[in-house]
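Peer 1: Chains as they are written, first to last, in UniProt numbering: chain A, 1 to 345; chain B, 1 to 345; chain C, 1 to 345; chain D, 1 to 345.
Here it is: the structure, laid out below.
Protein chains: 4
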Amino acid sequence: MRIGIVGATGYGGAELLRLLNNHPEAKNIQLYTSTKEGVHIEESYPHVATIYDTSLKPFNPEVVGEDSDLVFMATPPGVSAQHTQEIASHGTQVIDLSGDLRITDPTIYETWYKRPAAQIETINQAVYGLSEWNREAIQSARIISNPGCYPTAALLGLAPLIHNDAIQQHSIIIDAKTGTSGAGRSATMMTHFSEMNENFKIYQVNTHKHTPEIEQQLHQWNNESGAITFQPHLVPMIRGIMATMYVQLKKPLTSEQLFSLYHQAYDGKPFVRIRKENNYPATKEVYGSNYCDIGLSYDERTGRVTVVSVIDNMVKGAAGQAIQNMNLMNGWDESMGLNLVPVYP
Amino acid sequence: MRIGIVGATGYGGAELLRLLNNHPEAKNIQLYTSTKEGVHIEESYPHVATIYDTSLKPFNPEVVGEDSDLVFMATPPGVSAQHTQEIASHGTQVIDLSGDLRITDPTIYETWYKRPAAQIETINQAVYGLSEWNREAIQSARIISNPGCYPTAALLGLAPLIHNDAIQQHSIIIDAKTGTSGAGRSATMMTHFSEMNENFKIYQVNTHKHTPEIEQQLHQWNNESGAITFQPHLVPMIRGIMATMYVQLKKPLTSEQLFSLYHQAYDGKPFVRIRKENNYPATKEVYGSNYCDIGLSYDERTGRVTVVSVIDNMVKGAAGQAIQNMNLMNGWDESMGLNLVPVYP
Amino acid sequence: MRIGIVGATGYGGAELLRLLNNHPEAKNIQLYTSTKEGVHIEESYPHVATIYDTSLKPFNPEVVGEDSDLVFMATPPGVSAQHTQEIASHGTQVIDLSGDLRITDPTIYETWYKRPAAQIETINQAVYGLSEWNREAIQSARIISNPGCYPTAALLGLAPLIHNDAIQQHSIIIDAKTGTSGAGRSATMMTHFSEMNENFKIYQVNTHKHTPEIEQQLHQWNNESGAITFQPHLVPMIRGIMATMYVQLKKPLTSEQLFSLYHQAYDGKPFVRIRKENNYPATKEVYGSNYCDIGLSYDERTGRVTVVSVIDNMVKGAAGQAIQNMNLMNGWDESMGLNLVPVYP
Amino acid sequence: MRIGIVGATGYGGAELLRLLNNHPEAKNIQLYTSTKEGVHIEESYPHVATIYDTSLKPFNPEVVGEDSDLVFMATPPGVSAQHTQEIASHGTQVIDLSGDLRITDPTIYETWYKRPAAQIETINQAVYGLSEWNREAIQSARIISNPGCYPTAALLGLAPLIHNDAIQQHSIIIDAKTGTSGAGRSATMMTHFSEMNENFKIYQVNTHKHTPEIEQQLHQWNNESGAITFQPHLVPMIRGIMATMYVQLKKPLTSEQLFSLYHQAYDGKPFVRIRKENNYPATKEVYGSNYCDIGLSYDERTGRVTVVSVIDNMVKGAAGQAIQNMNLMNGWDESMGLNLVPVYP
């Protein structure tokens, strides 16, 4: 299979390079860029020296579409919105890791993203690639909108409760924490080492773009679901997301019932691991892997369930789930190339 | 003033040494220990070499009481419960940094702490040392129970709303994050560098001992207030606490009204700084100092207020607030010895 | 192939689990312990849950020898010295990751290790497993003494110069820096997060056990080589070693000659990557992989060469090189199971 | 005393703000900038909110000279070279924290700095402010060239040996490690958190600008001293420098003699602390303070002395030593405002 990666010099691109090297069907990989044409990939990423002996090609959507069977768009905002149709017109599968195609309602997109939405035809063709919950649509899709990192952690954690209509309306609070790699490779004051180490920050309070993405999917699953509170925080680490989620139940559940909902929901889904009672995941326990680990607690004193969901934002939150979707789209084993043990310690 | 520090080899003791060196009234300091008698303090803490040229004395409560005008108990659980009365019987002021005397109801103490409570007479004499809110009682106290680190951050953040009866019952959720120094100097797997770096953990879900401490104070302020949800997390950093708090309002407030409540509450209180609208504190911005910085946001979509409160757990959450209380007890300027600019970066 | 891992709950054991999961010949793996018999591996290491569904067996050398074709000893000092012979007597291959069998002269061992040496017969049978330089002996060995992490980085960096007799006698200085994982999983004050973060330490000045291991190999390569200066430092990171090495040349070399020596030495050796001129490796560029990256600089002002050699101490410095040796011993492709792209960022 | 800080929004400026707040003679402080005129300092540095209630003034050298008794230049390269004379012409004391005036030979400056040197008159008036070793000249100086961070650590560590002519010519090797704050506040790829955490880097191999600064001072102390090897490394931490230095002795010294040299050299110098034998400093042990801690080891096997010198690069390596020099210039107690206990942990 001929694979193209557009935006190969960002962290999403680098992680695709790492994971695809382990994938038996991905032997012919081309790298595209809009900013570093002709540069050898090892100049951007010395860690792939001798592994990928290739230079970056200029991004021309027509050429990319023609020369690829599948394209990963690991691009800044706006690129996918503009070029996905043309690439896909060559019969090429497109998996978009940017957020351009995630929000189905252009008005909501423009409110939260503060930029024009993609054309409605493109949006409508894009299938939301939350692999565990949208499997059938993914299998027959040509264009995948790969979920955001926070939404992946949050939605996998909330899905069993929301599907079972167990949550009180308006009670969902998501306190999310991420490492810095989600902010990308561009150097900013926010993620400058001297500003970030020995520091813990909250950011984009009540305004993060992943809020409507989570709300949209929850609402699709259960149309009672409305506005949520979602607050992201920045942790002095590179990889990992933890979403600590607080929901009020409609009626009490025993711990057994609670765990049973989750085991049923994720039975046969290899990348979601439910922790035993009184056991909660830490982000490092999924480091470098495609797992989402979930811990659960029901507090009788308050009638509240706390759901703890962790992923590696670069893997299950980006490149890993993209490859999982590639596998589903092509009828391959869902976990092909993704059987990586987390890097620990 | 003759000052004794019991438990000088722990982090609480070390931080007292750092801060008291800057305090004009603290010129005669004795260090006591139960484990390292006779050892020179610089063997435990090379960083104080040439500054404190003194050895650790054995802890004998009678001697300590007799030889000190004020004693800081920076001790493991149980020591203060047992010895505070005897020390205080010499007319000595006692400031207890352990949690032994914080919970007024022995049953609640024993439920959460899983150990016997102190004698009720000792508990009753101890004044809860939340400096900004309990000033008068502190000024006339002989025994201070210094607040926990999490409760300090949480209570300073919630106080204006709870005093104004603005919060819906049962709606308080505190998602708290701390650096590792709060866990003390004893090496444990939990805080082993290889386990903790590049990692983010939740711990003691629904069972942390600071939960009843926060509930007790909130209830005292407003007897409608009941059980809260409090989940602590461990951040790969040494110092700093952020409490992100979610409350549902009884009735909507404008942003102006919300900020006004806080400004009124903390007017003239030098260690609480309220951030401007759309501006939120990071933990490093109070690093090494006695400040508590608070940011606020009201979200119209959900009717929920998010309060962000940060402290340095070693200072405002322990040794700094203890010295602030010492100042209040002795009629000195509240901020004597505590005018430290945060260490940044 | 039936593989046994003795000491599976340490970090060396955990890294073997991670890497062997990727190895096509390693499908039957048994885990042995002296301290946690009967415990499921996921209780020690939640990150391998669902991947390794197995419990720890008691370590009995006879059983281990009988039930395994190859055994990795990832054990504390003394265990291999005592039990390797018995395990090997069953025809089992043994790869020892502890330092028990590295020093051929028992007197030197006892001077530096402060403990009794293994029996001389065992020592004599053990082949030093520096894969790139001892390939033939490894291929026919039954017992491998896997090199220490520092010696691996240092020796790979110095070998081309020492083989070409280019270094002035007594001029070798190795300033080495490591992450904390090399210190193992046991919690200690030295590697307590609060003591280690935002800190940089030197330790075991002039007394580190890896000193005679490096000297022994250098001397074997070039009998002019004598005592070296080796100073290890601890970096606030988990994985990675950098050895910065300073040597005085016997006679000047042009940069071209210098690089040419290294390219010749490592031609066809897939895990050693020589950087281009004016380009130096950082530890993260080999993170999680079996690579050793080497940078070089000759300074005309001083006649000194600086060699910069980086590895991941858990991989090329331990489990990865052990697997590389397993591959060589069994006639498999040297890089089988080790084609991992470094984890970046 | 009226104090001006030019370049107040950089880290050097921020550290001056922190330390001067503790200084009894520094009550009138003006902040100057070339880039953020009119901005309130708390917008750049929220951590000083309520402590410094002042806005940044435009940098006009004439006005600054007229309105200040002493000026700290915490400016990028070139500013001091251009404006120091004019400021000083008003009778104003100038302490320059940039490197503009450190190298007395313009040719050497231009070779290493790759930019034009300052006018020779300015250079000649500037006194090198290594407080412990240049006290008399500093006391009568009008312009101080404050030493670089690395040279401070290195020179304090080497001075006793070089003054006693104990070191073999051409044998000095300085392997130096620094936190990221020395690189300043501008966001760069090099110090981007995702690139820097869990990473250890070498940089500017054989080309760092501090090399000639160290050589110049060593040569001034002992004209046998020539070219040195100096290699800087970047540690994933914010503050702290360790210089590990290797020198060959002319003739053997007993440990007693070695330590005696250092104790004599630093007797009565409050900020240099010599460690006991077999005890070595870690960078955190001077964190946030003006101390330089030094450890020593003589290795009989190699005839080599290892000197370990640590400082906080922001304090003794920049703002702290600048204030120490201010104190000396004005006849105040050398340690006025600098009696800070290191922040530990």
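Glycine residues also receive a C-beta, built at the ideal position from the N, C-alpha and C atoms.
Keep in mind it's a predicted model, so treat the numbers as computed, not measured.
Give the DSSP-derived three-state secondary structure of alanine 176(A) in the structure shown.
Peer 2: Here residue 176(A) is taken as the residue at index 176 of the first sequence, counted from 1. Three-state result, alanine 176(A): strand.
Peer 1: Under 7 Å Cβ to Cβ from valine 48(B), same chain only, skipping five residues before and after it: list those, please.
Peer 2: Taking the first residue of the second sequence as position 1, residue 48(B) is located at position 48. Cβ within range, chain order: Leu17, Ile41, Glu42.
Peer 1: Suppose the cutoff is 6 Å on Cβ atoms and the five residues either side in sequence are ignored; what does the same chain contact list for methionine 336(D) look like?
Peer 2: Residue mapping note: residue 336(D) aligns to position 336 of the fourth sequence, counting from 1. Around methionine 336(D): Asn327.
Peer 1: Excluding the five sequence neighbours on either side, which residues of its own chain have a C-beta within less than 6 Å of the C-beta of proline 160(D), listed in chain order?
Peer 2: Translated into positions along the fourth sequence, residue 160(D) becomes position 160. Same-chain partners within the cutoff: Leu261, Tyr262, Ala265.
Peer 1: Interface residues of chain A around glutamate 198(D) at Cβ under 9 Å?
Peer 2: Along the fourth sequence, one-based indexing puts residue 198(D) at 198. Around glutamate 198(D), the beta-carbon contacts reaching into chain A at under 9 Å are Met237, Ile238.
Peer 1: Using a Cβ cut-off of 8 Å (strictly closer), state whether threonine 84(B) contacts chain C.
Peer 2: For the purposes of this step, residue 84(B) is identified with residue 84 of the second sequence, where counting begins at 1. Chain C contact via Cβ: absent.
Peer 1: Please name the residue, chosen from Val6(B), Asp100(B), Ser34(B), Tyr344(B), that lies closest to glutamate 213(B) on a Cα-to-Cα basis.
Peer 2: Residue numbering aside, residue 213(B) sits at position 213 when the second sequence is read from its first letter. For the residues Val6(B), Asp100(B), Ser34(B), Tyr344(B), the minimum Cα distance to glutamate 213(B) belongs to Asp100(B).
Peer 1: My understanding is that valine 247(A) touches arginine 185(A), with C-beta atoms under 8 Å, so please give their C-beta distance in whole angstroms.
Peer 2: If you number the first sequence from 1, residue 247(A) lands on position 247. If you number the first sequence from 1, residue 185(A) lands on position 185. The pair is not a contact, with the Cβ atoms about 35 Å apart (cut-off 8 Å).
Peer 1: Could you give the DSSP three-state label for methionine 329(D): helix, strand or coil?
Peer 2: Residue numbering aside, residue 329(D) sits at position 329 when the fourth sequence is read from its first letter. DSSP places methionine 329(D) in helix when its eight states are reduced to three.
Peer 1: Near proline 58(A), what residues of its chain come up, given a Cβ to Cβ distance below 6 Å and the 5 sequence neighbours on each side ignored?
Peer 2: As a first step, residue 58(A) must be located in the first sequence, where it is residue number 58. The residues are Glu37.
Peer 1: In chain order, which alpha helix (DSSP H) runs of at least 4 residues are fully inside the UniProt domain "Semialdehyde dehydrogenase NAD-binding" (2-141) of chain A?
Peer 2: Every alpha helix (DSSP H) stretch that sits fully inside the UniProt domain "Semialdehyde dehydrogenase NAD-binding" (2-141) of chain A and reaches 4 residues is listed by chain position as 11-20, 41-44, 61-67, 79-88, 106-113, 120-125, 135-139.
Peer 1: Let me know the secondary structure DSSP gives phenylalanine 259(A) once reduced to three states.
Peer 2: Counting from 1 along the first sequence, the entry for residue 259(A) is found at position 259. It is helical.
Peer 1: Check each candidate in Gly226(D), Glu121(D), Lys316(D), Ile144(D) and name the one with the smallest Cα separation from isoleucine 162(D).
Peer 2: Stepping through the fourth sequence from its first residue, residue 162(D) is reached at position 162. Answer by Cα proximity: Gly226(D).
Peer 1: Could you compute how far the alpha carbon of leucine 70(C) sits from the alpha carbon of leucine 156(C)?
Peer 2: As a first step, residue 70(C) is located in the third sequence; it is residue number 70 there, counting from the start. As a first step, residue 156(C) is located in the third sequence; it is residue number 156 there, counting from the start. About 26 Å.
Peer 1: At what residues does the alpha helix (DSSP H) containing methionine 196(D) begin and finish?
Peer 2: As a first step, residue 196(D) is located in the fourth sequence; it is residue number 196 there, counting from the start. 193-196 is the span of the alpha helix (DSSP H), which, as asked, contains methionine 196(D).
Peer 1: Kindly say whether leucine 16(A), judged by its beta-carbon, lies nearer than 8 Å to any beta-carbon of chain C.
Peer 2: On the first sequence, residue 16(A) is found 16 positions in, with the first residue counted as 1. Leucine 16(A) does not count as touching chain C.
Peer 1: In the structure shown, what three-state DSSP assignment does leucine 340(C) receive?
Peer 2: For the purposes of this step, residue 340(C) is taken as the residue at position 340 of the third sequence. DSSP places leucine 340(C) in coil when its eight states are reduced to three.
Peer 1: Answer yes or no: does any C-beta atom of chain D fall closer than 8 Å to that of valine 308(C)?
Peer 2: Indexing the third sequence from 1 puts residue 308(C) at position 308. It does: the Cβ of valine 308(C) has a partner Cβ on chain D nearer than 8 Å.
Peer 1: Out of Tyr344(D), Gln216(D), Thr283(D), Pro345(D), which has the shortest C-alpha to C-alpha gap to aspartate 105(D)?
Peer 2: By 1-based counting over the fourth sequence, the position of residue 105(D) is 105. The shortest C-alpha separation from aspartate 105(D) is found at Gln216(D).
Peer 1: Determine, using beta-carbon pairs with one atom in the stretch 191-207 of chain C and one in the stretch 277-294 of chain D, whether at least three such pairs fall under 8 Å.
Peer 2: yes
Peer 1: Could you tell me whether the Cβ of tyrosine 109(D) comes closer than 8 Å to any Cβ of chain C?
Peer 2: As a first step, residue 109(D) must be located in the fourth sequence, where it is residue number 109. No, no contact with chain C.
Peer 1: Please report how far the alpha carbon of tyrosine 280(B) lies from the alpha carbon of isoleucine 5(D), in whole angstroms.
Peer 2: Counted from its first residue, the second sequence places residue 280(B) at position 280. Counted from its first residue, the fourth sequence places residue 5(D) at position 5. Those two C-alpha atoms are separated by around 27 Å.
Peer 1: For the candidate residues Val39(C), Ser98(C), Pro24(C), whose alpha-carbon lies nearest to that of cysteine 149(C)?
Peer 2: One-based indexing of the third sequence puts residue 149(C) at position 149. Measuring from the Cα of cysteine 149(C), the nearest candidate turns out to be Ser98(C).
Peer 1: Run down chain C in chain order and give the residues with a C-beta less than 7 Å from the C-beta of residue 350(A).
Peer 2: Residue 350(A) cannot be examined here, being either before or after the span of chain A that is shown, 1 to 345.
Peer 1: Could you check whether the Cβ of arginine 185(D) sits closer than 8 Å to any Cβ belonging to chain A?
Peer 2: Numbered from its first residue, the fourth sequence carries residue 185(D) at position 185. Chain A, which has a Cβ nearer than 8 Å to the Cβ of arginine 185(D), makes this yes.
Peer 1: Below 8 Å CB to CB, which residues in the same chain sit around serine 131(C) once its five sequence neighbours on both sides are set aside?
Peer 2: Within the third sequence, residue 131(C) is the residue found at index 131, counting from 1. Ile138, Phe271, Gln321, Gln324, Asn325, Leu328, Glu334, listed in sequence order.
Peer 1: List the endpoints of the continuous alpha helix (DSSP H) containing isoleucine 162(A).
Peer 2: Along the first sequence, one-based indexing puts residue 162(A) at 162. Looking at the DSSP string, the run of the alpha helix (DSSP H) that includes isoleucine 162(A) is 149-163.
Peer 1: Are there 16 or more other CB atoms within 10 angstroms of the CB of glycine 10(D), so buried, or fewer, so exposed?
Peer 2: Residue mapping note: residue 10(D) aligns to position 10 of the fourth sequence, counting from 1. By the 10 Å Cβ count, glycine 10(D) comes out buried.
Peer 1: Which partner residues of leucine 249(B) appear in the DSSP bridge assignment?
Peer 2: Within the second sequence, the letter at position 249 stands for residue 249(B). Partner(s): Ile167(B).
Peer 1: Quick check: isoleucine 311(A) and alanine 153(A), are their CB atoms within less than 8 Å of each other?
Peer 2: For the purposes of this step, residue 311(A) is taken as the residue at position 311 of the first sequence. For the purposes of this step, residue 153(A) is taken as the residue at position 153 of the first sequence. Yes, Cβ-Cβ distance for isoleucine 311(A) and alanine 153(A) is below 8 Å.
Peer 1: Could you check if threonine 107(C) is buried or exposed, using at least 16 other CB atoms within 10 Å of its CB as the buried criterion?
Peer 2: Position 107 of the third sequence, counting from 1, holds the residue named residue 107(C). Burial call: exposed.
Peer 1: Contact defined as beta carbons within less than 8 Å: I believe alanine 14(C) pairs with tyrosine 45(C). What is the distance between those atoms, to the nearest angstrom?
Peer 2: Along the third sequence, read from residue 1 onward, the residue named residue 14(C) stands at position 14. Along the third sequence, read from residue 1 onward, the residue named residue 45(C) stands at position 45. Indeed they touch by this definition, with Cβ atoms about 6 Å apart.
Peer 1: If you follow the beta strand (DSSP E) that isoleucine 214(C) is part of, which residue opens it and which one closes it?
Peer 2: For the purposes of this step, residue 214(C) is taken as residue 214 along the third sequence, with counting starting at 1. No beta strand (DSSP E) holds isoleucine 214(C); the alpha helix (DSSP H) holding it covers 210-221.
Peer 1: If we ignore side chains and look at the alpha-carbon of each, how far apart do glutamine 204(D) and alanine 166(D) end up?
Peer 2: Against the fourth sequence, residue 204(D) aligns to sequence position 204. Against the fourth sequence, residue 166(D) aligns to sequence position 166. Going by the C-alpha atoms only, they are around 29 Å apart.
Peer 1: Which residues, in chain order, does the stretch 280-301 of chain B contribute to contact with chain D at a C-beta distance below 9 Å?
Peer 2: Pro281, Ala282, Lys284, Glu285, Val286, Tyr287, Gly288, Ser289, Tyr291, Asp293
Peer 1: How long is the line joining the alpha carbons of threonine 191(C) and phenylalanine 230(C), rounded to whole angstroms?
Peer 2: Taking the first residue of the third sequence as position 1, residue 191(C) is located at position 191. Taking the first residue of the third sequence as position 1, residue 230(C) is located at position 230. Each residue's alpha carbon lies about 21 Å from the other.
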